[in-house]
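Shown next, in structure tokens, is the structure this report addresses.
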Amino acid sequence: MNSIPDGFDLFSILPALILAGGGVFLICLSVLFKTKEFLIVRYVSGLVLLVAFASVFYVAKFQYPGNGGTYFGGQIENSVLSFWLNLIYLSMAIGTAAVAPRILKNHKVEFPEFYPLLLFATCGMMLMTAGQDFILVFVALELMSICLYILIGMARSDLFSLEATLKYFLLGSFSSGFMLMGIAFLFGGSGSTNITAALKPLVIAGYQGNFAKIGLVLFITGVAFKIALFPYHAWTPDAYEGALTPVTGYMSTAAKAASIGLLLVLYTKLPLSLEDSTWAWLPGILALLSMVYGNLLALKQENLKRMLAYSSIAHAGYIVAGISAGIKEEVLFYLMIYSFMSLGAFAILAYLEDGTRQVTFFSVQSLSGVKPFTAIAINIFFMSLAGVPPFGGFWAKLFLFQKIAESEHLMNRILLIGGVTNSALALYYYLRIGIATFMSSDEGEISRNHAAPHSIGVTIVVLICLFMVVFGWFLLVPGNLLAIGALQYLSY
């Protein structure tokens, strides 16, 4: 293997290179221009993210066709899956950067490092799901995780934020240890860190070795922590509540999508059915437990950020149920719609906060009387998260459950029943926001006192997310013209 990358190798990771280079450039800018508003750093970060977003299409159109889509000696693979995942990461990063300025100002966070950290974390996500070697995947995942640890603790004057950072860091370190140990066992069982080669012993009929089996279990355990699947979810409520709301939205969307994307890559390389492998049962069991636990705990939450944290555990369960059933397109569609629903919801929560106020069901009572658009928008996002028609969340669940129902295997039937039952259960706590904002006779604290001016960034993000949830989901439906066109556009 040639150790010196050629032009096509570097071109294959152009979006990641733009983000990494942009992050370094922003750090230099923050040293040169020490202003409290950090306007230059903010605007340049937005420009870098937009250029990286455009470069994803450019790379997909003109990537070199002679090597089957693999680069750097097979360590990087550009595929339709990585294309869509990269668009999710960058879309969520752009939305986070647009929502963040006001929140950073309210919390007196005067550290320009927020924006380069956002770029570095997104770069790590892109390399993590494009990587075809466990060492590269682990390094990229740690790049993402370390940036998230720092972003969660950005509000250094908030003790709760520091507590959330410490919990996430300690548990995240344990999960990284599990993943690293899993990689070591996989290497011991196969003699390679290449994902396909390391998993190959598990698809050999009659394989009796334990190294590869133990390694995969340990690695999936680490990934389950990053996804926040039960019982590896303990960090989620505190981290979501303690972090700045834009960071929470970024974790709930881009970071979760990256971890799910990694699991999807693993099970693409491990094409085993429920009938002949316990490896398909493992994520199925975790998915079912996550649905039940996440929804039950969300029922009794009053703080909206904590409620969305437990809700994200349940949604992770729905998505991983699809992976367990061997579904790819519907899982990706659900992931995209979920990302826009969550980003929109957290953008509105960021707008309703004033730097100290926690947004609860009680504080938004009668919100429709003073801020009707805000009340309508947050209810649309919550109804879509609940799976109420005609919003995108309904169609995402419908397509996913229909695909799961096509299998007659017992585990898939259990997942289908569990998914439908838990979706009905989730209606209760999602509908509470509608009752509080439109039907309550009392007036909440935010309804009485919220007089903050509208943020252009928040408004644009909310409008785009509303479009995707109400109308735009149709463009992404598996099998429609745009999806078919994208597959043809990316085929080589």
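First residue of the sequence shown: 478, per the numbering used here; consecutive thereafter.
Glycine included, every Cβ here is placed at the ideal spot set by N, Cα and C.
Secondary structure at residue i, three-state DSSP: helix, strand or coil?
i: T670; result: coil
i: E590; result: coil
i: G630; result: coil
i: G608; result: strand
i: E554; result: strand
i: N687; result: coil
i: G545; result: Summary for G545: the model assigns pLDDT 49, below 50, so the residue's position carries little reliability; its value from the coordinates is reported in the next sentence. If DSSP states are grouped into helix, strand and coil, G545 belongs with coil.
So, is residue i buried or exposed, given that buried needs 16 or more other C-beta atoms within 10 angstroms?
i: Q609; result: buried
i: G738; result: buried
i: L695; result: buried
i: R633; result: exposed
i: N687; result: exposed
i: P866; result: exposed
i: L776; result: exposed
i: L743; result: buried
i: Y535; result: exposed
i: T898; result: exposed
i: P708; result: exposed
i: L527; result: exposed
i: M569; result: buried
i: F591; result: buried
i: L509; result: exposed
i: A531; result: exposed
i: E779; result: exposed
i: E885; result: exposed
i: K585; result: exposed
i: F794; result: Residue identity differs from the one stated: residue 794 is Gly in this sequence, not Phe. By the neighbour-count rule (16 or more Cβ atoms within 10 Å), G794 is buried.
i: C505; result: exposed
i: V938; result: buried
Residue i: which of the options sits nearest, CA to CA?
i: F549; options: L581, K582, D486; result: D486
i: M945; options: Y815, S845, L506; result: Y815
i: A701; options: P866, P678, T673, F651; result: F651
i: H792; options: V533, I933, V508, S819; result: S819
i: G997; options: I853, T851, F878, A852; result: Since the displayed the chain opens at 478 and closes at 969, residue 997 lies outside it and no answer follows.
i: F488; options: K690, G499, G546; result: G546
i: L765; options: N889, V525, A901, F838; result: N889
i: V935; options: Y828, L657, L747, L524; result: Y828
i: L781; options: Y795, S801, F858, V521; result: F858
i: F597; options: E807, A882, V616; result: V616
i: A732; options: I629, I672, Y770; result: I629
i: D715; options: I495, P849, Y626, E619; result: Y626
i: S736; options: L647, S559, I517; result: S559
i: W561; options: A574, E885, V808; result: V808
i: V797; options: M860, V724, G895; result: G895
i: I891; options: S840, V769, I933; result: V769
i: F817; options: A734, T851, V557, I612; result: A734
i: C624; options: L663, V724, K677; result: V724
i: S900; options: C505, S861, E640, S884; result: S861
i: V947; options: K677, I855, I691; result: I855
i: S788; options: L706, W758, L826; result: L706
i: E806; options: T851, I881, K848, S522; result: I881
i: A913; options: S840, K582, F868, S932; result: S840
i: Q979; options: L904, F611, A786, G692; result: The requested residue 979 is not part of the displayed model; the chain covers only 478 to 969.
i: P678; options: L747, L643, E830, L516; result: L747
i: D635; options: S667, G666, N583; result: N583
i: L618; options: L516, A575, K703, L902; result: K703
i: A970; options: V614, G601, L516, L613; result: Any answer about residue 970 is impossible in this case: the structure gives the chain only from 478 up to 969.
i: Y905; options: G803, K848, N772, V836; result: N772
i: I439; options: G692, F868, A577, S507; result: Look at the range of the chain in this structure, 478 to 969, and you will see that residue 439 is not part of it.
i: V525; options: P849, E587, L595; result: L595
Would you grab the beta carbon distance between residue i and residue j for me? Rounded to a whole angstrom, and I think it's under 8 angstroms.
i: S638; j: G719; result: 5 angstroms
i: M621; j: M605; result: 6 angstroms
i: S669; j: A675; result: 6 angstroms
i: M603; j: N555; result: So it is not a contact: roughly 10 angstroms between Cβ atoms.
i: T722; j: I910; result: Not confirmed; about 16 angstroms, so no contact.
i: L812; j: I565; result: 7 angstroms
i: P589; j: V533; result: 26 angstroms between Cβ atoms; not a contact.
i: S801; j: G846; result: So it is not a contact: roughly 45 angstroms between Cβ atoms.
i: L759; j: W712; result: About 21 angstroms separates the two Cβ atoms, so there is no contact after all.
i: A852; j: F810; result: Going by Cβ atoms, the distance from A852 to F810 rounds to 28 angstroms, so no, they are not a contact pair.
i: L503; j: A529; result: Between A529 and L503 the Cβ distance is about 13 angstroms, and since that is not below 8 angstroms, they are no contact.
task: Could I get the ranges of all uninterrupted alpha helix (DSSP H) runs contained in the region 862 to 910, with 4 residues as the minimum, in chain order?
output: 869 to 882
- prompt: What runs of the alpha helix (DSSP H), each 4 residues or longer, lie entirely inside the region 697 to 751?
  reply: 713 to 719, 722 to 727, 733 to 746
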